[in-house]
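For any residue, its number in the working numbering is found by taking its place in the sequence shown, counting from 1, and adding 49.
Think of the CB as a built atom: it goes at the ideal place given N, C-alpha and C, for glycine as much as any other residue.
In this text the structure is predicted, and so the values were computed from the model without any measurement.
Below: the structure, in structure tokens.
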Amino acid sequence: MGERKKLKLDNWPFEKGKKAKLIWIGEPFKRNNKWMLDTYFNDGENTKRIIQDWANLYFLSIDKYYTDGDLRSGELLDNEGEMETININLSGIIPRYNENEWSILKSAYKSQSKTFSFWKRNVLYTIPIIEIVRAIFAPNTFMLNTILYNDAWEDYFTYKLDDRKLQIHFTNQYKISYLKNEYYNHLAWMISNEEVLKMCNDIGYNMFSKGKLFFDFNIPRFSITARVKKNKHGFTIVEISRVNQKKINIDELNIYHPSFEQREKTNEAKLRTYTYQNNKDEDRIIDSDVDGAKDYDERINNELIIHEYIKVPIVKKEKENNGKLRVTEDDDTKKYLIYDENSRTLSSEGGMKKANGIEVSALDEILIPKEFNDFIYRLKELEKVDWIERVDIRIVMLPLGRKFSYLDNGMDRRKCLIVEILKMNGNVLSIIEVQRECRLLSTLVLTSQKRLEWVYKELLNGLVRQSGKWSNEIFYGIEKESITIDRKKHSRNYLDNIMSCIK
């Protein structure tokens, strides 16, 4: 193996060769629709803030020194005082959540300290909440990239748990480089432990609804190895290096990914080829301004955090389809030359290129279900009304995650009609109509003074989670935002009733 490539931050503010100590990690926040992170480094003289991709957290550890912005250069120095590595078993202990204002050392910067405190035999163990997320729930870049998003996993996989057998069906969006046992085992642990799955889901939901990193800690079996600092009450956990004795509550794991398809060689020419230039010798530059990870993927993960399992399940790979492996080229093969400037981001989510959640299609007659035709025809007539500025009509796919995401044939995605009517006075009236297939599912009419994109996502995610029923809990939360919701039952004159709401 050659020398390991460096992963350098492009916005590193310190002199070349000078070591800087990571002294604080801030709360995640969004910039250009991508999760970012404030980090604070001190070189012995000055404290400087560096904005990084949230997923860079994978490489960050408090009190380690970094050189030239290389995320892989983190090291401990011998003169760091009372620092040791110990085994800690906190199983069965309910911690206390603490939140306090915090001043960053040798600077005017302010932040919030968020920790969980565990009392055991008159010793206090304090763990920063962000370290629990980094080391326990999201120990790899895939989990880091998805855990802050509400219901993001449905874009990457669906699952079914039955009689200690777990089936995970990965989509094309789940990278091939993530198809390894460490990732499978972590997902199986998360899914097969109801308390853990709820905490992971709560992290994304609270970031979405409250803009706050928070969850109720509840892991019955919690044993770790960690680097700690001793204080007058006990220990502050600085870095969790190992998670011990994790229990996966399944015996068998069946996984499917499109790349598992059996492909037979064919004489048909390749449709396209890609050639990457300048991707061998130079270090990788981590650019926080890049929207999302490029299609070209490198296995940049080291296993910095060890996860130990009592017993791992048998993993079986399923192959569902056969495909063609094209091995030749001809004059019709499209050739792409990609110049690699070694610019990277560890964030595969977010950025202006990413619209997470419901999938939008153009209003193409081929894609319009027959049951929507009359409705759309009536709605288009509203464009002629002088007090209506615009009528936007679109078809979206329901989010993945449950059987209701598909029609009864089990193959076609269930569609939803979303109509936004913008009135001249600025008010917005929205209509949501879902393919029913004889189900008793009412049409929703919403009225607001602003656009409702986030509301559609909440409603449709709730509809899928409830297996085809509107969520009254979500209705209540939306109505608290001064948005009215009117449910219209399907009857002989239901279209006339809906049109009367508009007029």
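Practice task
Verify whether the separation of the beta carbon atoms of MET85 and TRP73 is less than 8 Å.
Solution key: Residue mapping note: residue 85 aligns to position 36 of the sequence shown, counting from 1. Residue mapping note: residue 73 aligns to position 24 of the sequence shown, counting from 1. In this structure, the beta-carbon distance from MET85 to TRP73 does not fall below 8 Å.
Exercise for the section: In the DSSP assignment, find the unbroken beta strand (DSSP E) run with ARG164 in it and report its ends. Expected result: In the sequence shown, residue 164 corresponds to position 115, counting from 1. Note that residue 164 corresponds to Thr in the displayed sequence, not to Arg. First-last of the beta strand (DSSP E) with THR164: 159 to 169.
Practice task
Quickly, what does DSSP pair ASN293 with across the bridge? List them, please.
Solution key: Taking the sequence shown and counting its residues from 1, the one referred to as residue 293 is at position 244. Bridge partners of ASN293: SER272.
Practice task
Note down, in chain order, each residue of its chain lying with its Cβ closer than 7 Å to the Cβ of TRP202, except the 5 sequence neighbours on either side.
Solution key: Residue 202 sits at position 153 when you count from the first residue of the sequence shown. Result list for TRP202: THR195, in chain order.
Problem - the stretch 429 to 445 touching the stretch 458 to 474, judged by at least three CB pairs closer than 8 Å - result: Output reads yes: the stretch 458 to 474 touches the stretch 429 to 445.
Problem - Member of ILE527, LEU236, VAL245 whose CA lies at the smallest distance from the CA of LYS506 - result: Position 457 of the sequence shown, counted from the start, is the residue given in the question as residue 506. Minimum Cα-Cα distance from LYS506 among the listed residues ILE527, LEU236, VAL245 corresponds to ILE527.
Practice task
Can you tell me which of the three DSSP states ILE252 falls into?
Solution key: Along the sequence shown, read from residue 1 onward, the residue named residue 252 stands at position 203. Three-state result, ILE252: helix.
Problem - CA nearest to the CA of HIS282, picked from ARG270, TRP168, GLU367 - result: For the purposes of this step, residue 282 is taken as residue 233 along the sequence shown, with counting starting at 1. Cα-wise, what sits closest to HIS282 is TRP168.
Practice task
Note the first and the last residue of the continuous alpha helix (DSSP H) segment covering ARG514.
Solution key: Here residue 514 is taken as the residue at index 465 of the sequence shown, counted from 1. ARG514 -> alpha helix (DSSP H) spans 502 to 514.
Problem - Three-way DSSP call (helix, strand, coil) for TYR146 in this model - result: Looking up residue 146 in the sequence shown gives position 97. In the structure shown, TYR146 falls within a strand segment according to DSSP collapsed to helix, strand and coil.
Problem - Residue from THR164, ASN474, ARG485 whose Cα sits closest to the Cα of LEU558 - result: Since the first and last residues shown for the chain are 50 and 552, residue 558 lies out of range.
Exercise for the section: Name the two residues that bound the continuous alpha helix (DSSP H) containing HIS235. Expected result: Position 186 of the sequence shown, counted from the first residue, corresponds to residue 235. From DSSP, the alpha helix (DSSP H) with HIS235 extends over 230 to 241.
Problem - Own chain residues within Cβ distance below 6 Å of PHE264, not counting five before or after - result: Reading the sequence shown from its first residue, position 215 is the one you call residue 264. Annotation for PHE264: MET248, ASP251, ILE252 place their beta carbon closer than 6 Å to its own, counting only its chain and skipping 5 residues before and after.
Problem - Per-residue DSSP class, three states only, for GLU420 - result: On the sequence shown, position 371 is the one that residue 420 refers to. DSSP places GLU420 in helix when its eight states are reduced to three.
Handout entry: Terminal residues of the alpha helix (DSSP H) in which SER206 lies
Key = Taking the first residue of the sequence shown as 1, we reach residue 206 at position 157. A small correction: the amino acid at residue 206 is Phe; Ser does not occupy that position in the sequence shown. Where PHE206 is concerned, there is no enclosing alpha helix (DSSP H), although the beta strand (DSSP E) it sits in stretches over 206 to 211.
Exercise for the section: Compare the beta carbon distance of ASN476 and THR492 with 8 Å and say whether it is the shorter of the two. Expected result: By 1-based counting over the sequence shown, the position of residue 476 is 427. By 1-based counting over the sequence shown, the position of residue 492 is 443. Taking 8 Å as the Cβ cut-off, ASN476 and THR492 do not qualify as a contacting pair.
Handout entry: Proximity winner among TRP503, GLU482, ASN255, relative to GLU419 (alpha-carbon distances)
Key = To locate residue 419, count along the sequence shown from 1; it is residue 370. Position check: residue 419 holds Lys in this sequence, whereas Glu was assumed. Checked all of TRP503, GLU482, ASN255; the closest Cα to LYS419 is GLU482.
Handout entry: Beta-carbon proximity check, SER266 vs PRO362, cutoff 8 Å
Key = Against the sequence shown, residue 266 aligns to sequence position 217. Against the sequence shown, residue 362 aligns to sequence position 313. Looking at the sequence itself, residue 266 is Phe, so the reference to Ser does not match. Remark: C-beta atoms of PHE266 and PRO362 do not approach each other more closely than 8 Å.
Exercise for the section: Take ASP59 as the anchor and find which of ASP119, ASN81, HIS356 has the nearest alpha-carbon. Expected result: Reading the sequence shown from its first residue, position 10 is the one you call residue 59. When only C-alpha atoms are compared, the closest one is ASP119.
Practice task
Measure the Cβ-Cβ separation of PHE309 and LYS368 and say whether it is below 8 Å.
Solution key: Indexing the sequence shown from 1 puts residue 309 at position 260. Indexing the sequence shown from 1 puts residue 368 at position 319. For the 8 Å CB-CB criterion, PHE309 and LYS368 form a contact.
Handout entry: Distance between LYS296 and SER162 (C-alpha atoms, nearest Å)
Key = Along the sequence shown, read from residue 1 onward, the residue named residue 162 stands at position 113. Along the sequence shown, read from residue 1 onward, the residue named residue 296 stands at position 247. Annotation: SER162 to LYS296 spans about 30 Å, alpha carbon to alpha carbon.
Problem - For ILE268 and MET287, believed in contact at Cβ under 8 Å, the rounded distance - result: Here residue 287 corresponds to residue number 238 of the sequence shown, with the count starting at 1. Here residue 268 corresponds to residue number 219 of the sequence shown, with the count starting at 1. With the sequence shown as reference, residue 287 is identified as Val, and Met is not the correct amino acid for it. So it is not a contact: roughly 20 Å between Cβ atoms.
Problem - Closest residue to GLY260 among ASN82, PHE186, ILE359 (Cα-Cα distance) - result: Start at 1 with the first residue of the sequence shown, and residue 260 comes out as number 211. Answer by Cα proximity: ASN82.
Problem - Selected residue, minimal CA-CA separation from ASN298, among LYS279, LYS214, THR274 - result: The count along the sequence shown starts at 1 and reaches residue 298 at position 249. Of the candidates LYS279, LYS214, THR274, the residue whose Cα lies closest to the Cα of ASN298 is LYS214.
Practice task
With a threshold of 16 other CB atoms inside 10 Å of the CB of PRO188, please say whether the residue is buried or exposed.
Solution key: In the sequence shown, the residue the question calls residue 188 occupies position 139. Looking at its Cβ environment, which holds 16 or more other Cβ atoms inside 10 Å, PRO188 is buried.
Problem - Residues that ASP102 bridges to, as DSSP identifies them - result: Along the sequence shown, read from residue 1 onward, the residue named residue 102 stands at position 53. Beta-bridge pairing links ASP102 to MET85.
Handout entry: Option in GLU76, GLY75, TYR89, LYS55 with minimal Cα separation from ALA69
Key = Position 20 of the sequence shown, counted from the start, is the residue given in the question as residue 69. Nearest option by C-alpha distance: TYR89.
Practice task
Would you check if the stretch 218 to 236 and the stretch 131 to 149 touch, i.e. whether three or more CB-CB distances between them fall below 8 Å?
Solution key: Verdict: no, contact absent.
Problem - Cα-Cα separation, ALA523 to GLU530 - result: On the sequence shown, position 474 is the one that residue 523 refers to. On the sequence shown, position 481 is the one that residue 530 refers to. Reading off the sequence, residue 523 comes out as Ile, not Ala. Computed Cα separation, rounded: 11 Å.
Handout entry: Closest by C-alpha distance to TRP436, when choosing among VAL504, ASN474, LYS67
Key = Here residue 436 refers to the residue found at position 387 when the sequence shown is read from its first residue. Scanning VAL504, ASN474, LYS67 for the CA closest to the CA of TRP436 turns up ASN474.
Practice task
Could you tell me which residues DSSP puts in a beta bridge with GLY450?
Solution key: In the sequence shown, the residue the question calls residue 450 occupies position 401. Note: GLY450 is not bridge-paired with any residue in the DSSP secondary-structure output.
Exercise for the section: Following the continuous beta strand (DSSP E) through PHE191, name the residue where it begins and the one where it ends. Expected result: Within the sequence shown, the letter at position 142 stands for residue 191. Note, PHE191: premise wrong, no beta strand (DSSP E); alpha helix (DSSP H) at 190 to 196.
Practice task
Would you give the residue range spanned by the alpha helix (DSSP H) that PHE524 belongs to?
Solution key: Locating residue 524 in the sequence shown gives position 475, counting from the first residue. Counting along the chain, the unbroken alpha helix (DSSP H) around PHE524 starts and ends at 521 to 528.
Problem - Beta-carbon contacts of LYS209 that lie in its chain and below 6 Å, excluding the five residues immediately before and after - result: Residue mapping note: residue 209 aligns to position 160 of the sequence shown, counting from 1. Closer than 6 Å at Cβ, skipping near neighbours: GLN216.
Handout entry: Residues near ILE480 in its chain [Cβ-Cβ closer than 6 Å; skip 5 each side]
Key = Taking the first residue of the sequence shown as position 1, residue 480 is located at position 431. Excluding positions up to five away in sequence, the list reads VAL468, VAL494.
Handout entry: Residue closest to TRP61, alpha-carbon to alpha-carbon, out of ASP117, SER516, MET239, GLY517
Key = Within the sequence shown, the letter at position 12 stands for residue 61. Among ASP117, SER516, MET239, GLY517, the Cα nearest to that of TRP61 is on ASP117.
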